[in-house]
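Q: Numbering-wise (UniProt numbering), the sequence shown opens with residue 1 and increments by one.
Ideal placement from N, C-alpha and C gives every residue a C-beta, glycine not left out.
What follows is a structure written as structure tokens; I'll ask about it next.
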Amino acid sequence: MTYVVTDNCIMCKYTDCVEVCPVDCFYEGENTLVIHPDECIDCGVCEPECPADAIRPDTEPAMDEWVEFNRKYSEIWPVITQKKDPLPTATELDGVEGKLDKYFSEAPGEGD
Numbered sequence: 001m002t003y004v005v006t007d008n009c010i011m012c013k014y015t016d017c018v019e020v021c022p023v024d025c026f027y028e029g030e031n032t033l034v035i036h037p038d039e040c041i042d043c044g045v046c047e048p049e050c051p052a053d054a055i056r057p058d059t060e061p062a063m064d065e066w067v068e069f070n071r072k073y074s075e076i077w078p079v080i081t082q083k084k085d086p087l088p089t090a091t092e093l094d095g096v097e098g099k100l101d102k103y104f105s106e107a108p109g110e111g112d
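As structure tokens, then:
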């Protein structure tokens with residue numbers, strides 16, 4: 001099992017999760033985070049830390065696409081280990097459906 005970041009992180013990018021991760025498996029894009037599925041140790045400490053409820057276990061239905069999404073971008077984006085402020089749109093866009101198609105950016109974030 002692994003944990004993955006899903007579309008509700010897009011345009012929110014809360015980073016509470018990265019500070020509690022014991023293996024530093026979060027990677028930062030311009031407007032979202034991802035978890036490297038091969039580096040995640042399945043401890044689950046990140047899941048309750050996400051204010052947007054965007055972190056899910058891969059055992060939930062329809063998570064295969066998110067595992068591959070997280071894998072793809074974690075291999076090209078920089079690692080992030082320190083908490084940063086969420087995006088200015090975080091409160092407004094939390095819970096909005098279809099964020100992957102509407103707002104996702106492939107551009108990398110700054111990382112640490």
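Quick check on threonine 91: buried or exposed, where buried means 16 or more other Cβ atoms within 10 Å of its Cβ?
A: exposed
Q: Could you give the first and the last residue of the continuous alpha helix (DSSP H) run that contains leucine 93?
A: 90-93
Q: So, is serine 74 buried or exposed, given that buried needs 16 or more other C-beta atoms within 10 angstroms?
A: buried
Q: Just to confirm my understanding: we take glycine 95, look at its own chain, exclude 5 residues before and 5 after, and list those with CB closer than 7 Å. What are they?
A: Asn8
Q: Check whether the segment 17-24 touches the segment 77-85, taking contact to mean three or more Cβ pairs, one atom from each stretch, closer than 8 Å.
A: Because the criterion of three Cβ pairs below 8 Å is met, the segment 17-24 and the segment 77-85 touch.
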